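Chemist: If you read the sequence shown in my numbering, its first letter stands for residue 83, the second for the next number, and so on.
Positions of the beta carbon are idealized from the N, C-alpha and C atoms, including for glycine.
Values in this document were obtained by computation on a predicted structure and should not be read as measured data.
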Amino acid sequence: MFDILMYLFENFIHSETEIRVDQDELTEELVRAGFHHDEIYKALAWLEKLAALQETDIKPYFCKGISTSLSRIYTHEEQMRLDVECRGFLMFLEQVNVLDASTREMVIDRVMEIDSSEFCLEDLKWVVLMVLFNVPGKEKAYAQMEDLLFEEPDGVLH
Numbered sequence: 083m084f085d086i087l088m089y090l091f092e093n094f095i096h097s098e099t100e101i102r103v104d105q106d107e108l109t110e111e112l113v114r115a116g117f118h119h120d121e122i123y124k125a126l127a128w129l130e131k132l133a134a135l136q137e138t139d140i141k142p143y144f145c146k147g148i149s150t151s152l153s154r155i156y157t158h159e160e161q162m163r164l165d166v167e168c169r170g171f172l173m174f175l176e177q178v179n180v181l182d183a184s185t186r187e188m189v190i191d192r193v194m195e196i197d198s199s200e201f202c203l204e205d206l207k208w209v210v211l212m213v214l215f216n217v218p219g220k221e222k223a224y225a226q227m228e229d230l231l232f233e234e235p236d237g238v239l240h
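Given below as structure tokens:
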């Protein structure tokens, strides 16, 4: 499923190609690209849920009155999916203002919906990028995340 999300993001969304194609046409293209129907439907449902968060006035992750300086306590299931490195990276993104409490929760929600037995830091970075792309007003945060994702290390640090 995650491979399909990456394929769609790289080939349609991130490249700013018009994605207003019929879902059946998109499914057929993904099948031709070698993806299985079950995984395609899961990926499309994942994207629909992400888009639905922006199409409603209800902000399920908006925590009015909650201090942003508080640490996030992860559930056991979240800890199993997001290892220490991933959780540390989310905290780093909050500290550098790429994520706020609301977008962090959106990222965690989307991560938990990914149907995959393995999930790594690189996958998390892509989920963050996808979420930020879909949140109006987060263009600067998206650009910062894009830089973090695509920047090459300058060399070995000692």
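1) Taking contact to mean 3 or more Cβ pairs, one atom from each stretch, closer than 8 Å, check whether the stretch 191-202 and the stretch 226-234 are in contact.
2) Using a Cβ-Cβ cutoff of less than 8 Å, which residues in the same chain neighbour L89 once the five nearest sequence positions on both sides are dropped?
3) Assuming the contact rule is C-beta atoms closer than 8 Å, M194 and R163 should be a hit. Round their C-beta distance to whole Å, please.
4) Quick check on I155: buried or exposed, where buried means 16 or more other Cβ atoms within 10 Å of its Cβ?
5) Going by alpha carbons, who is nearest to L206 out of I122, I190, W128, Q161?
Modeler: Working from what's here:
1) no
2) Here the question's residue 89 lines up with position 7 in the sequence shown. A small correction: the amino acid at residue 89 is Tyr; Leu does not occupy that position in the sequence shown. Contacts found: L112, A115, F117.
3) Within the sequence shown, residue 194 is the residue found at index 112, counting from 1. Within the sequence shown, residue 163 is the residue found at index 81, counting from 1. Rounded, the Cβ-Cβ distance is 6 Å, consistent with contact.
4) Within the sequence shown, residue 155 is the residue found at index 73, counting from 1. Burial call: exposed.
5) Within the sequence shown, residue 206 is the residue found at index 124, counting from 1. Out of I122, I190, W128, Q161, I190 has the C-alpha closest to the C-alpha of L206.
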